[in-house]
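In this text, residue positions in the sequence shown follow this note's numbering: the first is 19, and each later residue adds one.
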Amino acid sequence: KAAISLVHLHEDAPEGEKLARPYKQSALGSEDCAVLHWPGEQLFVWTGNAAPGARKLLAFQLAARLQAEGEKVGVEPAPQFAEPPVFCMHFQAWIASTGGLSSSSAPSKRR
Numbered sequence: 019k020a021a022i023s024l025v026h027l028h029e030d031a032p033e034g035e036k037l038a039r040p041y042k043q044s045a046l047g048s049e050d051c052a053v054l055h056w057p058g059e060q061l062f063v064w065t066g067n068a069a070p071g072a073r074k075l076l077a078f079q080l081a082a083r084l085q086a087e088g089e090k091v092g093v094e095p096a097p098q099f100a101e102p103p104v105f106c107m108h109f110q111a112w113i114a115s116t117g118g119l120s121s122s123s124a125p126s127k128r129r
């Protein structure tokens, strides 16, 4: 099974830098973009809500390049605050920004 990779595009790395696992939500800032590649399964482009248009374009171009190199899955957008659950599952302790519970949280029991 092929390894999952995350390329983070930000001000100091406009062409992207590959991040090491475990992936952390805190690594993604609202002015950043990222490409999460799960070969043969999923290809996500995460875009921060304040990311410049040029950075978003570079992220989608990176995803298109992966497709041109033989990746057969479609590109799925993962905009900040509306990330698909399957994208979030690749991150350690992802916390939904919409007020929901993370998958590791459980409701408290009141007595």
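Cβ atoms here follow ideal geometry from the backbone N, Cα and C, with glycine treated the same way.
| query | result |
| --- | --- |
| With DSSP collapsed to three states, give me the class of L27. | strand |
| Is the distance from the Cβ of L46 to the Cβ of E89 below 9 Å? | no |
| What did DSSP end up calling L54 once you bin it into helix, strand or coil? | strand |
| Where D30 and E49 are concerned, what is the direct C-alpha to C-alpha distance, given to the nearest angstrom? | 11 Å |
| The ligand MG and A114: does any heavy atom of the ligand fall closer than 8 Å to the residue's C-beta? | Within the structure as shown, the ligand MG is missing, as the structure has no ligands at all. |
| Quick one: residues in its chain with C-beta nearer than 6 Å to the C-beta of E94, no 5 flanking neighbours on either side, listed in chain order? | F62 |
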